[in-house]
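What follows is a short report on a single structure.
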Amino acid sequence: MEDAVLRIVARDGLDAVSFRSVATEAGLPLARVQREFGTKDELLRRTLLGAVAAAEARMDARIRALGAEVTVRAIFDALADEFLPGTPRTLAEARVWLAFVARAATSPELARPLQAYYAEQAEAGREGLAMAHLTGAVAADLDAAADALTITALLDGLTTHVLLGVLDHARAADLLRRQLDRLMPGARPATPGGR
């Protein structure tokens with residue numbers, strides 16, 4: 025049922041989610057959706073938790089697929105590829121993500137899982153940048169905690185700009201790559217554009 029919610033949000037926005045619209049989208053009886061979730065807030069909360077878990081699992085798989093080629097820079101590039109909207113899937117997911125972020129600004133139940141997700145991402149980024157610092161792959165003036173937060177915030181902001189049509193995917197990816205190049209001048213990828 026959570027997949028049905030995600031399809032509705034990607035297509036019509038968060039306000040279009042109701043037990044009835046989810047039941048119709050999922051091809052299930054309305055009573056089953058009501059029994060399963062109880063409230064719309066619970067439906068949204070569980071959908072968000074599932075979406076975060078799926079995104080983390082996909083990212084983990086991308087990192088494992090790097091194998092011996094894994095570097096901090098390769099992880100950041102994979103993160104950008106996975107989440108910066110540029111394909112139909114990433115565009116839909118970005119619409120869903122931003123809809124939930126906007127709702128979370130006034131809903132503590134939705135804010136908590138997002139706060140935890142951002143904290144985990146910031147800590148992982150901080151650890152990665154700190155490790156890269158030990159190998160000399162990052163700028164000498166690195167502040168691992170602040171720079172990890174900056175990358176996360178930049179990715180979110182670029183995502184918003186792509187969704188609104190302010191930037192296209194290629195320009196947004198280039199801006200992110202430039203920031204990564206500044207932070208990790210000794211870790212520039214061999215392929216053009218970092219992808």
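Counting from 1 along the sequence shown, just add 24 to a position and that's the residue number in this note's numbering. In this text, a Cβ means the ideal position worked out from N, Cα and C, and glycines have one as well. If you're wondering where the values come from, they're calculated on a predicted model, not measured in any experiment.
Residue i, DSSP secondary structure in three states
{"i": "T184", "result": "helix"}
{"i": "G149", "result": "helix"}
{"i": "S131", "result": "coil"}
{"i": "D101", "result": "helix"}
{"i": "D167", "result": "coil"}
{"i": "L52", "result": "coil"}
{"i": "M208", "result": "coil"}
{"i": "A143", "result": "helix"}
{"i": "T95", "result": "coil"}
{"i": "L179", "result": "helix"}
{"i": "T114", "result": "helix"}
{"i": "V198", "result": "Rather than Val, the amino acid found at residue 198 in this sequence is Asp. Looking at D198 - three-state DSSP - the assignment turns out to be helix."}
{"i": "D192", "result": "coil"}
{"i": "P109", "result": "coil"}
8 Å contact criterion, which residue i and residue j should meet: CB distance rounded
{"i": "A168", "j": "H157", "result": "7 Å"}
{"i": "V41", "j": "L68", "result": "7 Å"}
{"i": "L153", "j": "L138", "result": "Not confirmed; about 22 Å, so no contact."}
{"i": "M25", "j": "E60", "result": "6 Å"}
{"i": "R44", "j": "L54", "result": "6 Å"}
{"i": "A77", "j": "L90", "result": "The pair is not a contact, with the Cβ atoms about 21 Å apart (cut-off 8 Å)."}
{"i": "M155", "j": "V96", "result": "6 Å"}
Proximity below 8 Å, CB of residue i to CB of residue j
{"i": "A123", "j": "V57", "result": "no"}
{"i": "L182", "j": "L191", "result": "yes"}
{"i": "V120", "j": "A50", "result": "no"}
{"i": "A170", "j": "M208", "result": "no"}
{"i": "I87", "j": "A104", "result": "no"}
{"i": "A146", "j": "A118", "result": "no"}
{"i": "F100", "j": "L199", "result": "no"}
Contacting residues, own chain, Cβ-Cβ under 7 Å from residue i (five flanking each side not counted)
{"i": "R206", "result": "A163"}
{"i": "A196", "result": "L108, L182, H185, V186"}
{"i": "A37", "result": "According to the sequence provided, residue 37 is Gly. The question's Ala does not apply to it. For G37, where only same-chain residues beyond five positions count, the Cβ hits under 7 Å are A123."}
{"i": "A116", "result": "A34"}
{"i": "L72", "result": "F124, L134, P137"}
{"i": "Y142", "result": "T176"}
{"i": "H193", "result": "L108, P109, G110, V186"}
{"i": "R31", "result": "E49"}
Endpoints, alpha helix (DSSP H) assigned at residue i
{"i": "V33", "result": "26-36"}
{"i": "T71", "result": "64-90"}
Own chain residues within Cβ distance below 8 Å of residue i, not counting five before or after
{"i": "G62", "result": "none"}
{"i": "G64", "result": "Looking at the sequence itself, residue 64 is Lys, so the reference to Gly does not match. Taken in chain order, the residues that qualify are V41, S42, F43."}
Near the ligand MN: residue i beta-carbon under 7 Å from a heavy atom
{"i": "M208", "result": "Inclusion of the ligand MN in the displayed structure is not the case, the ligand content being empty and no account of it being possible."}
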